[in-house]
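In the numbering used here, the protein residues as written are 460 to 855.
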């Protein structure tokens, strides 16, 4: 691993803001955040920032201010992205052993061969993450690389996460205007999975993350990130349903959900007249709101998880499922509906916490110094040479 600089710059690109963090490392490569800031009013649509000039100017000023405050100079930046279209590809490479011992050179050849073939078939995409997902020797799953073992047939499963080259180029353009080179890129969903591992000490799980406008399902197998799927809907669709059926403004529905407690949603009490303002009062029960929400939540659960054919290749029957919602009101008021409809699995319900704002960037800082057991993080500016880092990471 290359020598880390004293201070490192990290930025997370969100829907409506940039989160900025500067961190430093101690002698044992432990990461500590020493400065953090935010740029608001980012308008991110159609895979690009619409108010680019304004954001670049604000970003340049923020970074200059931080450099003066800390008496440092940043030449590169590490970023977390969530809005990109990501291809998740699981591929296996093979080696016939005929009773011979498997060597590190055999595994190196398999990984390099798979990587080259994928790069040739996906010429306009960049590999962001590569995970060593599963090792099988004579159809027996092993926890560690089987170097030195004997067998007849070895299978090595890899998971690649790729984004289009033009998206990487767009990011480079943004940061080049701030005199910064793009060093490393992480997917937000990767850091979200690491949060689960750290919090619950579990390395195999499904996590469903429901933001307001979009949703994701991710699957980690023994700490390897091996599946990601994005859905273009989020918890706002539940409020929209209630708004449409009850003929009330969406903000009124937000106010109602915020005001009502969990117990009232199970009763046939009616909405207060104050919510109707100048409109004609309608007898709408709290319980009816819950029924509308529950119907939509059931549909969400079926699309994302219960009837998702993309999950058929994974053995999930004994896997814990974690639900994570950005909208705390939706999560708290309809918690039982979410847990009931994501059926047949042990569920753990969680919500985004205020102190989690910069957590993904903190995790990024730790990954930059210590790496991840099942992953090699490509260096974006050295696209042709990063594969060598996979080998050294595997065998050292």
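Each residue gets a CB set at the ideal place from its N, CA and C atoms; glycine is no exception.
Counting of Cβ neighbours within 10 angstroms places residue 558 among the exposed residues, the total staying below 16. Under a 10 Å Cβ-count criterion, residue 486 is classified as exposed, with fewer than 16 other Cβ atoms of the shown protein chains found around its own Cβ. With distances taken between CA atoms, residue 688 lies nearest to 545 out of 545, 515, 739.
Residue 609 sits exposed, since fewer than 16 C-beta atoms from the chains shown fall within 10 Å of its C-beta. Contact check between the stretch 602 to 620 and the stretch 780 to 789: fewer than three CB pairs, one atom from each, fall below 8 Å, which does not count as touching. Nearest in C-alpha terms to residue 637, of all of 575, 561, 515, 630, is 515. Residue range 584 to 596 is occupied by the beta strand (DSSP E) that includes residue 586. For residue 481, the uninterrupted beta strand (DSSP E) run begins and ends at 477 to 484, by DSSP. Here the alpha carbons of residue 586 and residue 678 stand approximately 19 Å from one another.
Fewer than three Cβ pairs drawn from the stretch 650 to 667 and the stretch 594 to 610 lie within less than 8 Å of each other, which leaves the two stretches out of contact. Looking only at 593, 526, 650, the smallest Cα-Cα distance to residue 681 is reached by 593. By the neighbour-count definition (other C-beta atoms within 10 Å, threshold 16), residue 668 is a buried residue. Within the same chain, 483 come within 7 Å of residue 465 by CB-CB distance, once the 5 residues on both sides are set aside. Secondary-structure assignment with DSSP links residue 622 through a beta bridge to 585. Remark: C-beta atoms of residue 817 and residue 495 approach each other more closely than 8 Å.
The C-beta distance from residue 616 to residue 549 rounds to 7 Å, short enough to fall under 8 Å. Counting along the chain, the unbroken alpha helix (DSSP H) around residue 753 starts and ends at 745 to 760. For residue 690, the enclosing beta strand (DSSP E) starts and ends at 683 to 690.
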